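Chemist: Take this structure first; my questions come after.
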Amino acid sequence: MHRSTGAGNPRRRAWSAVAAGALTAALMLAACGTPATRPGSDGSYSPAPTRTSSAPESPASPTPTCPPSSAAPSPSCPSPTPTSSWAPTPSNTPPTPATSSAATTAAPSTTRPASSPPASTSTQAPATSAPATQTSSAPAVPWAGLVAEWAGLDIETFDTSRRVVALTFDGGASADAVSSILRTLQAQGVPATFFVTGQFARAYPSQTRAMAAAGHPVGNHSDTHPYFTQIPDVEIRAQLAAAERSISALTGATTHPLFRFPYGDVSPYDIGVVNRAGYIPIRWTVDTLGWKGTDDGITTDIVRQRILDRLRPGAVVLMHVGAHPEDGSTLDADALPGIIQDLRERGYGFTTVPDLLDDGR
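Per my numbering, the sequence shown runs over residues -5 to 355.
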């Protein structure tokens, strides 16, 4: 696979786009939040924290902090052994030979931003010598090869010749639209990829199970949806491990290697921390902005047009499973039947993020 590091590199161009859109990070929330506030433990809304990181800002994934839960991440608790091996969900469109996959953002830096403590040099105990009779060189976990291949990247768009799109849905503080979304996907025979927080899984166990039961991959969106550039390595690892425990206990499958940064808040250094924990960050080609709700002037027609304006093979579409807390709108769910129709009329099919990741091997 060719990966240029020159100025024309699509990863660098996309990383610039990542930096350019970041000014809304602290204003954006999930489909169950408002642009300028984040929910508190008493149900009230208060201003989101001001970013202090010196790392370049990026467009914010709008899923907000979920309702508090009694289960909190513990730095001393490692991620459990996955209950099942990860495997890609097949596309419902016949594959054609793919070009080399490309992703976005720069390679991880080797130093932690000054606002955070130094990174640990290792998160695992030293390996012991293999028995003399062992001849297999297979990785310890099935996703290790994929993580190594996509290391250092926060993927916005997959470079593929296949006319397919990956629909993705984030789950944070509200699950009001989950049933509607799953019904539409099933009726249309469309696969999707979900990213939920650990708190979402604990608050909405039946909806989380339903996502996996319908055959959709469920990825890791952290445990409590913090700004990753503002927390130390040990907390990042604890966030990932706690979410993995809560989600996999319900779905029967590991979240590895799928991860999405909360608020889209990312730095190259944090990508490296996430990679070492066994995850590949997945960003998005287009955010529908359905999470903003009708009170902010968004309509289902706007949601659909935003996707069409950025449509390309290998595009990743960001939507949400919740409702706006004030106007109660579920624009992404409402627009979904039309979105599927629009893309099919233009010759596109649908696939999952794991399928596109596997396509780049």
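Even glycine gets a Cβ: it sits at the ideal position worked out from N, Cα and C. Owing to the predicted nature of the structure, the values given are computational and were not obtained by experimental measurement.
Could you give the first and the last residue of the continuous alpha helix (DSSP H) run that contains PHE194?
Modeler: Reading the sequence shown from its first residue, position 200 is the one you call residue 194. Where PHE194 is concerned, the enclosing alpha helix (DSSP H) stretches over 192 to 197.
Chemist: Please classify PRO262: does DSSP put it in a helix, a strand, or coil?
Modeler: Start at 1 with the first residue of the sequence shown, and residue 262 comes out as number 268. The answer is helix: DSSP assigns PRO262 an H, G or I state.
Chemist: To the nearest angstrom, how far is the alpha carbon of TYR221 from that of ALA138?
Modeler: By 1-based counting over the sequence shown, the position of residue 221 is 227. By 1-based counting over the sequence shown, the position of residue 138 is 144. Rounded to whole angstroms, TYR221 to ALA138 spans 26 Å at the Cα level.
Chemist: Please name the residue, chosen from ALA181, ALA232, THR249, ALA235, that lies closest to THR202 on a Cα-to-Cα basis.
Modeler: Your numbering for residue 202 matches position 208 in the sequence shown. Of the candidates ALA181, ALA232, THR249, ALA235, the one whose C-alpha sits nearest the C-alpha of THR202 is THR249.
Chemist: To the nearest angstrom, report how far apart THR279 and ALA243 are at their CA atoms.
Modeler: One-based indexing of the sequence shown puts residue 279 at position 285. One-based indexing of the sequence shown puts residue 243 at position 249. Spanning the two alpha carbons is a distance of roughly 30 Å.
Chemist: Taking the alpha carbon of ALA309 as the point to measure from, which residue in ARG156, GLY146, PRO136 has its own alpha carbon closest?
Modeler: Looking up residue 309 in the sequence shown gives position 315. Closest by alpha carbon: ARG156.
Chemist: Given a threshold of 16 other Cβ atoms within 10 Å of its Cβ, counted over all protein chains shown, does GLN180 qualify as buried or as exposed?
Modeler: For this step, residue 180 is matched to residue 186 along the sequence shown. When all chains shown are included, GLN180 counts as exposed.
Chemist: Sorted by chain position, which residues of the same chain lie with C-beta nearer than 7 Å to ALA327's C-beta, five sequence neighbours on each side aside?
Modeler: Start at 1 with the first residue of the sequence shown, and residue 327 comes out as number 333. The answer, listed in chain order, is ALA171, SER174, ILE175.
Chemist: Might you give, ordered along the chain, the residues of its own chain that have their beta carbon closer than 8 Å to the beta carbon of ALA206, omitting 5 neighbours on each side?
Modeler: Numbered from 1 along the sequence shown, position 212 holds the residue referred to as residue 206. Contacts found: VAL212, LEU244, THR245, GLY246, ALA247.
Chemist: Nearest to VAL311 by alpha carbon, out of GLY192, ASN269, GLU320, PHE188?
Modeler: Taking the sequence shown and counting its residues from 1, one reaches residue 311 at position 317. It is PHE188 whose Cα lies nearest to the Cα of VAL311.
Chemist: Beta-carbon within less than 8 Å of ILE241's beta-carbon, same chain only, minus the 5 sequence neighbours each way: which residues are those?
Modeler: The residue given as residue 241 occupies position 247 in the sequence shown. Hits under 8 Å: VAL190, GLY192, ALA195, THR202, VAL212, ASN214, THR249.
Chemist: Please give me, in chain order, every unbroken run of the alpha helix (DSSP H) with length at least 4 that falls completely inside the segment 277 to 352.
Modeler: Those alpha helix (DSSP H) runs which fall completely within the segment 277 to 352 and span 4+ residues are 294 to 303, 325 to 339.
Chemist: Using 10 angstroms around the beta-carbon of SER200, count the other beta-carbons present and answer buried if the total reaches 16, otherwise exposed.
Modeler: As a first step, residue 200 must be located in the sequence shown, where it is residue number 206. Answer is exposed; the Cβ neighbour count stays below 16.
Chemist: Under a Cβ-count criterion, where at least 16 other Cβ atoms within 10 Å of its own Cβ denotes burial, should GLU320 be classed as buried or exposed?
Modeler: Indexing the sequence shown from 1 puts residue 320 at position 326. Answer is exposed; the Cβ neighbour count stays below 16.
Chemist: Along the alpha helix (DSSP H) that carries ASP227, what are the first and last residues, could you check?
Modeler: Looking up residue 227 in the sequence shown gives position 233. Element bounds for ASP227: 227 to 245.
Chemist: What's the gap between the Cα of VAL158 and the Cα of GLY354?
Modeler: If you number the sequence shown from 1, residue 158 lands on position 164. If you number the sequence shown from 1, residue 354 lands on position 360. Answer to the nearest angstrom: the Cα atoms are 14 Å apart.
Chemist: Going by DSSP in three states, PHE255 sits in which element: helix, strand or coil?
Modeler: As a first step, residue 255 is located in the sequence shown; it is residue number 261 there, counting from the start. PHE255 falls in the coil class under three-state DSSP.
Chemist: Could you spell out where the beta strand (DSSP E) holding THR403 opens and where it closes?
Modeler: Past the boundaries of the shown model lies residue 403; the chain is included only from -5 to 355, so the question cannot be answered.
Chemist: Under the DSSP definition of a beta bridge, which residues are partnered with ASN269?
Modeler: Within the sequence shown, the letter at position 275 stands for residue 269. In DSSP, ASN269 forms no bridge with anything.
Chemist: To the nearest angstrom, how far is it from the Cα of PHE255 to the Cα of GLU339?
Modeler: Reading the sequence shown from its first residue, position 261 is the one you call residue 255. Reading the sequence shown from its first residue, position 345 is the one you call residue 339. Cα to Cα, the separation comes out at about 32 Å.
Chemist: Can you tell me whether DSSP reads VAL141 as helix, strand or coil?
Modeler: As a working note, residue 141 is residue 147 in the sequence shown. Three-state result, VAL141: helix.
Chemist: Do PRO275 and ASP164 have their C-beta atoms within less than 8 Å of each other?
Modeler: Here residue 275 is taken as the residue at index 281 of the sequence shown, counted from 1. Here residue 164 is taken as the residue at index 170 of the sequence shown, counted from 1. No, the pair does not count as a contact, with Cβ atoms beyond the cut-off.
Chemist: Given a cut-off of 8 Å on the beta-carbon distance, is the pair ARG300 and ALA271 in contact?
Modeler: Within the sequence shown, numbered from 1, the residue matching residue 300 stands at position 306. Within the sequence shown, numbered from 1, the residue matching residue 271 stands at position 277. No, they are not a contact pair.
Chemist: Is it buried or exposed, ALA236, if we count other Cβ atoms within 10 angstroms and call 16 or more buried?
Modeler: By 1-based counting over the sequence shown, the position of residue 236 is 242. Classification of ALA236: buried, given that the 10 Å Cβ count is 16 or more.
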